[in-house]
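Below is one structure, written out as structure tokens; comments come after it.
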Amino acid sequence: MIAAASPLAEALLWRSHQTLRDHIIAEYNAYVPAVTAYLREARSLIYVSFDNWTSTGGQYAFTGLCVHYLNGEGKLVDHLLGLPELHGAHTGNNIASRWILRA
165 MIAAASPLAE
175 ALLWRSHQTL
185 RDHIIAEYNA
195 YVPAVTAYLR
205 EARSLIYVSF
215 DNWTSTGGQY
225 AFTGLCVHYL
235 NGEGKLVDHL
245 LGLPELHGAH
255 TGNNIASRWI
265 LRA
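According to our numbering, the stretch in the sequence shown is residues 165 to 267, in order.
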């Protein structure tokens, strides 16, 4: 029924437990060239920050890598470049090891 209404919508249906993961990875990869171009055109230094989140109850934890810079119009721009799951304590060593292994 969805395919009859919109063939584009059918492509977004969840077909397995991997569908959402695959969709997120595809979206991430689609944005990499644009974000790379934006960073090359930055008119200021590019500042890096890390931000950590834990779900209510502490079941899930993530560490985010963000960049901040001024674009050609002098506007402050922020991008989230990564958001891997963080296992263990939110210590400097644990957070750093999560990013060093990904580099």
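The beta-carbon is built from N, C-alpha and C at its ideal position, and this holds for glycine as well.
Range of the contiguous alpha helix (DSSP H) that encloses residue i
i	result
T183	183-204
S261	256-264
Exposed unless 16 or more other CB atoms sit within 10 angstroms - verdict on residue i
i	result
L250	buried
T227	buried
R179	exposed
Enclosing beta strand (DSSP E) for residue i [first to last residue]
i	result
N235	N235 -> no beta strand (DSSP E), and no H or E assigned at all.
S180	Counting along the chain, S180 falls outside any beta strand (DSSP E), and DSSP gives it neither H nor E.
T220	Per DSSP, T220 belongs to no beta strand (DSSP E) and is neither H nor E.
Simplified DSSP state of residue i, which is helix, strand or coil
i	result
G246	strand
G228	strand
L240	strand
In DSSP terms, what residue i is bridged to
i	result
S170	BP columns for S170 are empty, so no partner.
Contact the segment 217-224 vs the segment 195-206: 3+ CB pairs below 8 Å
no
Within the chosen definition, does the segment 187-199 reach the segment 209-221 through at least 3 CB pairs nearer than 8 Å?
no
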